[in-house]
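Numbering (the numbering used here), first residue to last: 28 to 167.
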């Protein structure tokens with residue numbers, strides 16, 4: 028069976044282009060999405076989380092902060108707001124970002140600032156996605 032071609036791009040760069048991918052797991056707004064070769068055409072919105080790809084015995088993990096995913100003719104294209112390979116993520120920086128987002132969220136709730144609350148929630152989701160990606164990559 029022919030594998031998938033997976034391309035992940037962010038506004039800054041092409042993050043990844045891999046051929047022969049046997050499975051893509053993506054954090055869709057509808058839930059975890061698994062894509063195998065010969066998947067039906069699809070476009071879906073992504074939420075912050077971990078994008079996982081498998082090729083044979085190799086598994087790679089990427090943190091994404093949302094975006095869109097398209098499947099067409101054994102080609103999977105991810106347009107990510109931002110994306111990082113798990114190996115590029117500093118656990119310490121991600122933890123510091125999580126702590127700052129929690130503080131900002133508490134402050135926003137105390138002052139009843141809806142805009143700040145939304146921004147802090149999104150920052151918290153991004154930080155948690157990065158931490159989960161590092162953890163999933165560590166576990167293999």
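No residue lacks a Cβ here, since even glycine has one placed at the ideal position from N, Cα and C.
Hey, residue i and residue j are a contact pair by Cβ (cut 8 Å); roughly how many whole angstroms apart?
i: residue 49; j: residue 60; result: With a Cβ gap of about 15 Å, residue 49 and residue 60 do not count as contacting.
i: residue 42; j: residue 110; result: 5 Å
i: residue 158; j: residue 125; result: 6 Å
i: residue 79; j: residue 66; result: Their Cβ separation, rounded to whole angstroms, is 15 Å, which puts residue 79 and residue 66 out of contact at 8 Å.
i: residue 99; j: residue 75; result: Residue 99 to residue 75, Cβ: 24 Å. No contact.
Using DSSP with H/G/I as helix, E/B as strand and the rest coil, what is residue i?
i: residue 67; result: coil
i: residue 130; result: helix
i: residue 144; result: helix
i: residue 114; result: helix
i: residue 97; result: strand
i: residue 74; result: strand
i: residue 107; result: strand
Between the C-alpha atoms of residue i and residue j, what's the straight-line distance to the nearest angstrom?
i: residue 86; j: residue 166; result: 11 Å
i: residue 39; j: residue 106; result: 11 Å
i: residue 77; j: residue 37; result: 15 Å
i: residue 57; j: residue 95; result: 12 Å
i: residue 44; j: residue 91; result: 15 Å
i: residue 104; j: residue 63; result: 14 Å
i: residue 141; j: residue 55; result: 25 Å
i: residue 139; j: residue 82; result: 48 Å
Give me the DSSP bridge partner(s) of residue i.
i: residue 79; result: 52 and 88
i: residue 44; result: 34
i: residue 167; result: Note: residue 167 sits in no beta bridge, so no partner.
Output yes if chain D places a C-beta closer than 7 Å to the C-beta of residue i; else output no.
i: residue 86; result: The chain labelled as chain D is not found in the depicted structure, where only one protein chain is given.
The segment 126-135 contacting the segment 146-153, beta-carbon criterion three pairs below 8 Å
The segment 126-135, when compared against the segment 146-153, does touch it at the 8 Å Cβ threshold.
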